[in-house]
Amino acid sequence: MFYNLYRSIGVPVWFFDLKQDYRHLASRDDLLVLPWSKLRLNPLRPPNGVSPRRWAQVFSEMFGHSTALLSGSKNYLLKSVIKLYRAYNLFEEVSEPFPSLFELQALIEADSMSYMRKSSNYRDTVLNRLEAMNLTAGTIFDCSRGHDLEKLLKRDVVFEFDGLSRDVQNFLMEILFAYVFEFRLAQNQRDSGLRHLFFLDEGKRVFSVYKERQNASGLPEIDELTAKMREFGEGLVVGDQEPGKLTDSIKANTYTKVLLPLGDRKQFDEVADSLNLSERQREFAQGLGTGEAVVQVGNGTPVPVSLDDYSLEKQVSDEDLERRQAENWTSLSYESRSLTPGFKSLVAPGRSDEVESPEIVEDPQGELDLSSDADQFLKDVVENPFRGLTERYSDFPSSYKGNKAKNELVDNGVVVERKVHTEKGKRKLLQLTDKGREYAETELELEVKHRGRGGVIHRYWQNQIKDLFEEADWSAFLEKFDADVYVNMGNTELVVEVAMGDNPREIKHVEEHLERFDTVWIACRNQEVREGLRQRLAENSLEDDRVVFRLFREFSKEQLPST
């Protein structure tokens, strides 16, 4: 359905893609496919024409709704954002640079005075959400000014959010909605017809009826936006297989409604009631087959339609996408973070794997009370840190039970999910938080040891590379001589540095290793990291034939020195 609509639309569109469904349209030269790892966005920087004070309120509402904050915590967040803006003198004169979410986290962490007041619970709750978001979002928020969204409004863009946590996905979608609306409002772009369109599958993720009915947090701001956006030339196409979980607001404010075949009677009735179908029309609609639908425009009479078959091969891999979109990604500019003196320097995960998981502050609901299945799952995470989720699920009577145990650990801040790309495809790993480590040691009496350093993905590749060298009959060691992997070949010595990001500290390591070892290999997460580090070597006059670059996905036994 979405593919057919996209083919016939004559205005720029933005897809919010949670399952990598739309990258396969990338054969169209004008389509930008932007995986989250390539996205740079500063949610604290308002659109042109929007005052910092107004944007502080919009940001707090969007962040609060997407992470399920109640009014007290949202108010604490708003006060913190205003305090941060004041520290950057943004109320006196709106200028660059703007602070990022990392500076906001640092400011809230420094708010020790709140422990003397009732607001300590609000601080802990907000910090819990913010730390988790910065930890899982990689380098998305690692900028003072992100990509020029106003330019992107003039082109077709697929925002790929697959692999991010649910809260981060929801926040990104909602803040982008809000950004576009506030920009249109500030520029007074009204009554000019349809100028731009959002596509959102799994609409209940943003337009959740449960959040809409949560009285303690008030009417969600996203509902208000839905009602106002049409006046500013913004269209919204929302789809979901469970329409009963969509907000009343999105159903009430939808001008054109489409009923596709639904197997569940309850979900069918939700749409049929919204279309105000008669008994005879309902009987007809229950017999809809593939490629058939009932459409209602405004208050008009619902009519049956046949949809064109849109044939599309879904075979675009990450490598294919990088080859097709590399030039597009290179053309997107952004400005790095610029810290104000007095703020703690927090480094974005992904830019530097030096960053360990910050402690996720426990919500003020009491001690952890995990199920026996969750304890079993956590024990396996501790003992087998690099095991994939599918393998872990096999320890349970069903994948459903395994997934439920995993979600319990994630929801309680005990672990965070990480995605690693291997030559065999994607694999999801779980990384212990400080909270999870403490629980495993004190409650489960487990010995928690790291095999390597840094985050779980960095350690995964350290161990993979070490194992490859050992399979080639060399002696390999982790963390020996301050190297990620040290290899002794008898007459020669080789060290490997695992580079997750384009980090200046990697150059310092290379310089130190070249003074004492025969060869230095740099294993890079992707081509962007490799080219960045090559440039840094050249700038520091460290180009040397003894320095060898390898991408993670290229690492294989065949590339190792022969015995």
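Residues are numbered in the working numbering as their position in the sequence shown, beginning at 1, plus a constant of 91.
For each residue, glycine too, the CB sits at the ideal point set by N, CA and C.
DSSP places T345 in the coil class of the three-state scheme, outside both helix and strand. Per DSSP, reduced to three states, the secondary structure at H238 is coil, with no helix or strand assignment.
Taking a C-beta distance under 8 Å as the contact criterion, Y577 and V589 do not qualify as a contact pair. By a beta-carbon distance limit of 8 Å, V124 contacts R114. Their separation comes to about 5 Å. With a cut-off of 8 Å on Cβ pairs, the stretch 283-298 is in contact with the stretch 335-349, counting three or more such pairs.
Within the stretch 506-570, the complete alpha helix (DSSP H) runs of at least 4 residues fall at 525-533, 547-562. The beta-carbon distance between L633 and C615, rounded to whole angstroms, is 16 Å. This is too long to meet the 8 Å contact definition.
About 6 Å separates the beta carbons of E508 and L521, which is inside the 8 Å limit, making them a contact pair. Excluding residues up to 5 positions away in sequence, V472, L500, L521, Q522, L523, T524, G527 lie with their Cβ nearer than 7 Å to the Cβ of V506 in the same chain. A117 sits in coil when the DSSP states are folded into three classes, being neither helix nor strand. One thing to note: L480 has its Cβ no nearer than 8 Å to the Cβ of A531. The Cβ-Cβ distance between L221 and L244 does not fall below 8 Å.
Residues of the same chain with a CB within less than 8 Å of the CB of F252, apart from the 5 flanking positions on each side, are F107, D108, L109, W127, V259, Q260, L263, M264 in chain order. Pairing P103 with R246 gives a Cβ-Cβ distance under 8 Å. Under the three-state reduction of DSSP output, F468 falls in the helix class.
Proximity to S256 across G382, L398, T158 peaks at T158, based on C-alpha coordinates. Per the C-alpha coordinates, the member of E273, V217, F568, L135 positioned closest to F232 is L135. An exposed status is given to P488, since fewer than 16 other beta-carbon atoms sit within 10 Å of its beta-carbon.
One thing to note: R275 has its Cβ within 8 Å of the Cβ of E325. Restricting attention to beta strand (DSSP E) runs no shorter than 3 residues, the stretch 599-640 encloses them at 610-615, ordered along the chain. Excluding five sequence positions before and after V394, the CB atoms of its chain that fall closer than 8 Å to its own CB belong to V385, V386, Q387, given in chain order. Within the stretch 366-403, the runs of alpha helix (DSSP H) at least 4 residues long that lie entirely inside it are, in chain order, 370-376. Contact between F250 and W105 holds: their C-beta atoms lie close to 7 Å from each other, under 8 Å. Residue burial annotation: Q416 is buried, with at least 16 other C-beta atoms found within 10 angstroms of its C-beta. The Cβ atoms of D575 and Q555 do not sit closer than 8 Å to each other. M320 has its alpha-carbon roughly 17 Å from the corresponding atom of K348. In this structure T227 is buried. Its beta-carbon is surrounded by 16 or more other beta-carbon atoms within 10 angstroms.
Where L288 is concerned, there is no enclosing alpha helix (DSSP H), although the beta strand (DSSP E) around it starts and stops at 287-291.
Boundaries of the beta strand (DSSP E) around F250: 247-251. Around the beta carbon of Y176, a 10 Å sphere encloses 16 or more other beta carbons of the protein chains shown; the residue is thus reported as buried.
For H238, the closest C-alpha among the options N225, D215, Y270 is that of Y270.
Listed in chain order, the alpha helix (DSSP H) elements of length 4 or more contained wholly in the stretch 117-201 are 143-157, 162-178, 192-200.
Assigned with DSSP and collapsed to three states, A228 falls in coil, not helix or strand. Counting along the chain, the unbroken alpha helix (DSSP H) around A269 starts and ends at 257-277. When secondary structure is reduced to three states using DSSP, E333 falls in the coil class, being assigned neither helix nor strand. Between E322 and the set Q280, L353, R98, the nearest pair of CA atoms involves Q280.
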